[in-house]
Amino acid sequence: MVLRFSRARRPLVLAAAAALLAACVPIQHAAVGGDHPDDYGAPVGDRPVREGGELAVGLSSEPDRLDPTTSSSLYTRYVMSTICEKLYDIDATGRIVPQLASALPEISADGLTVTIGVRPGVVFADGTPFDANAVRTSLQRHLTMKGSQRTGEMGPIREIGAPDASHVVLRYKRPYAPITAALADRAGMIMSPAALAAKGADFAAAPVCVGPFKFASRVPQTAITVVRDPRYYDTARVHLDKIVYRIMPDANIRAANLRSGDVGVADTISPQDVDSLARDPDLKVLQASSLGYQGITFNIGNVDGVGKPAKPIDTPIAKDPRIRAAFSAAIDRKTLVDTVFNNWFEPACTPVSPKSPYATPMGTACPVFDPKRSRQLLAEAGVPVPFPVRLQVSNSQDQLRYAQALQASVAEGGFALQVVPVEYSTLLDVQKRGTYEALLLGWSGRIDPDANTARFLVSGGGGNYGGFSSPELDEVLTKASQVIDPAHRAVLYGKAVALIQRDNPVVYTYRLRSLTVRSAGLVGVEVYSDGVLRLGKAAFAADREG
């Protein structure tokens, strides 16, 4: 299916774009905040709750494999947050806090040795003891397993040891500052060594970890069910008996199910629906600004699949950075995001969130919308105008709505954009296999900018889906990962952004807000800036129906 933006609708977008262009200055900076304050939800606390019950969740996309080592889907993180805890987590303020670790790591003065204490008195859902050797087994799998998406996140580890049952030691070839933040995400998820030994690469079929819930069943494209784990170390704070994640890609259906009470919580609420849902007294909107971004990745060298050596692709847009720079200049980021998303989302210009502690003016600099410059660059590149670009995009309503508006914006700059809708799970596979020219996908973001940059752009990286390679950028990002001082790292990420915007392997478009709606009778639902829906300690309030 190919979507084309009709000429009847183009003037509406282009008129707004012209107004913005008149006010352009050489460098813009993305706005922060807006009229939508964050509301992450809150723990149950002292509120009386009903013990037990089944919670139905409207999940906006089908997760990929429930394997922390190979997963690349945000929606897998939703499910895994209830069944597969990590060594560390983040709290509502964005601080890293211990989860399965007993404390924050001890790092040697030279930065080469990281010692992690593990929480005592814990067992996996299958009864296997949780200890340092179990942690070592999972970390080694993340680091070395074929197809792992975690290898690059863990840095240049020389050795993983477990000198006793209570401590894991990571020894590095060179310092790696992002490791604690990496272990607060999937790289820190610890799997039962007994389950790994029994299932191997098929672990995702019935994952076993430590969590308030344990995996029960999965019906593809329909539902994933988890049930309360009586072996969980903090079971007194777990209230629900069961959570059923019902796959509901259609935003209208999720909204209707919230209104009817058929689901108690739903993620990724459309900006088209959120205002009306917020007026419903039986519902509560949670919202969190994002550390991530939505961006367009160009396939520059991913011929044989992600992680394989890059090979040249003999197309103008893959070979010539001027064409990619022209495409970036043809995007009216501010007008598009305001028009398509009713002012709920924000433009994204770089992989560094303006709310990040590593944000600087250089690190958040926004390319100017300049269709005239776009056409000049295309002329310099010697390519025909309009220049065709085939963009694969998730078939969700909001993504398609944005892609249609994008067609009109880049048409001014000399591009003929084809929009090819694809199922979300298929798009993840397309991204890994490299069977695309350009694709629009999001990254939910991490608190350390290394995971928003190096993961996708360092040569040969496990998340370098575009097959991009720049020794100059590699050097800057590698240095940034070795530096401990946050101010120095922020300067280096600013330099990295300048290099990214020179070559444009990824063109950043907008930064969404995590819009989640829950029943007013459901408490303990939380969504932080990492975008993860946290339901492990949720409960039905004792003083309300539901």
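Going by my numbering, the sequence shown opens with residue 76, and the numbers climb by one from there. For every residue, glycine included, the Cβ atom is placed at its ideal position computed from N, Cα and C.
- The beta carbon of residue 359 lies closer than 6 angstroms to those of 593, 595 in the same chain, with the five residues before and after it left out.
- Nearest to residue 617 by alpha-carbon distance, out of 598, 608, 611, is 598.
- By the CB criterion at 7 angstroms, residue 223 and residue 151 fall outside the cutoff.
- Between residue 377 and residue 542, the C-beta gap is smaller than 7 angstroms, which places the two residues in contact.
- Around residue 523, the same chain offers 253, 256 as residues with beta carbons nearer than 7 angstroms, after the five sequence neighbours per side are excluded.
- Looking at the DSSP output, residue 159 bridges to nothing.
- Residue 314 holds the alpha-carbon nearest to the alpha-carbon of residue 122 among 375, 314, 552.
- According to DSSP, residue pairing for residue 364 in a beta bridge involves 588.
- C-alpha of residue 537 to C-alpha of residue 146: approximately 12 angstroms in a straight line.
- Going by C-alpha positions, residue 238 is about 16 angstroms away from residue 213.
- Here residue 439 carries a coil assignment [DSSP, helix/strand/coil].
- Counting the other CB atoms within 10 Å of its CB gives residue 177 a total below 16, which places it among the exposed residues.
- About 6 angstroms separates the Cβ atoms of residue 556 and residue 251, confirming a contact at the 8 angstroms cut-off.
- Counting along the chain, the unbroken alpha helix (DSSP H) around residue 394 starts and ends at 391–394.
- Here DSSP, grouped into helix, strand and coil, assigns residue 558 to coil.
- Annotated three-state conformation of residue 411 is helix, per DSSP.
- Selection 265, 220, 115, 132 evaluated against residue 166 yields 115 as nearest (Cα-Cα).
- For the 7 angstroms CB-CB criterion, residue 380 and residue 508 form a contact.
- In the three-state reduction of the DSSP assignment, residue 111 falls in the coil class.
- Its Cα nearest to that of residue 384, the residue 544 stands out among 395, 544, 416, 519.
- Contact between the stretch 399–408 and the stretch 572–582 is present: three or more C-beta pairs spanning the two stretches fall below 8 angstroms.
- The stretch 500–516 makes no contact with the stretch 525–535, as fewer than three CB pairs between them are under 8 angstroms.
- Taking a cut-off of 8 angstroms for Cβ pairs, the stretch 492–500 and the stretch 460–472 touch, as three or more such pairs fall below it.
- Contact holds between the stretch 257–272 and the stretch 190–206, because three or more Cβ pairs, one in each stretch, are under 8 angstroms apart.
- Per DSSP, residue 274 is one residue of the alpha helix (DSSP H) stretching across 268–274.
- The residue among 571, 133, 540 with its C-alpha nearest the C-alpha of residue 548 is 571.
- In the three-state scheme derived from DSSP, where H, G and I count as helix and E and B as strand, residue 398 is classed as helix.
- Rounded to the nearest angstrom, the gap between the Cα atoms of residue 184 and residue 564 is 18 angstroms.
- Closest by C-alpha distance to residue 293, out of 303, 286, 282, 330, is 282.
- For residue 247, DSSP records a beta bridge to 232.
- When the alpha-carbon of residue 319 is set against those of 259, 182, 158, 244, the nearest one is in 158.
- Residue 292 has 300 as its beta-bridge partners, per DSSP.
- Here residue 161 is buried: its Cβ has 16 or more other Cβ atoms, across all protein chains shown, within 10 Å.
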